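S.K.: Each residue of the sequence shown is one higher than the last, beginning at 89 in the working numbering.
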Amino acid sequence: YYKGKRREIISKGNEVIFTQDIERVANSHPNIIESSVIPIWHEDKANVEFKIIAVRLKKLSINHEELSEYLYRNLSYFHVPRYIEFIDELPKSSGIEFFKEVSKQEWKKENSMNEIWDSQTRDFLNSKILRT
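Rendered as structure tokens:
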């Protein structure tokens, strides 16, 4: 039994993933203040990846790769978000729902990929865009 919002529960393959579980583990890192996880659906709507947006304690206290490794050590592999982005702060109170919706829309814009780390390719998304 899960008490919460339906959109916080994502089916990925045969697995059911609670975004709050991922956020809780990320927030347990000593250099992460808070985080938010959003689903990124592929165009065919059949596959989903996750993006974690996190606020660091200090600007350079942890990098994308270190957070990715931390999540791999502390979560099941299918829970680990593929994409990682750091921002200065998350909106408070009811603004977080709006923020998640805006983040999903921003995903579709190429210029929003500047500081997003892809944990599968172990590189920033903008560097792949520049190479093509």
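Glycine is no exception: its CB is placed at the ideal position from the N, C-alpha and C atoms. Bear in mind the structure is a predicted one, so any value in this text is a computation, not a measurement.
1. If contacts are defined as beta-carbon pairs under 8 angstroms, then A134 and A114 qualify, I think. What distance do you get, rounded to the angstrom?
2. Enumerated in chain order, which unbroken segments of the alpha helix (DSSP H) with a length of 4 residues or greater are wholly contained in the stretch 91-165?
3. Taking the C-alpha atoms as reference points, what is the distance between E173 and V125?
4. Report back the beta-carbon spacing between H117 and Y158 to the nearest angstrom; my notes put them in contact at under 8 angstroms.
5. Is the separation between the beta-carbon of E122 and that of I128 shorter than 7 angstroms?
M.R.: Taking the structure as given:
1. At roughly 26 angstroms, the Cβ-Cβ gap does not stay under 8 angstroms, so A134 and A114 are not in contact.
2. 107-115 and 152-162
3. Each residue's Cα considered, the two are about 10 angstroms apart.
4. 5 angstroms
5. no
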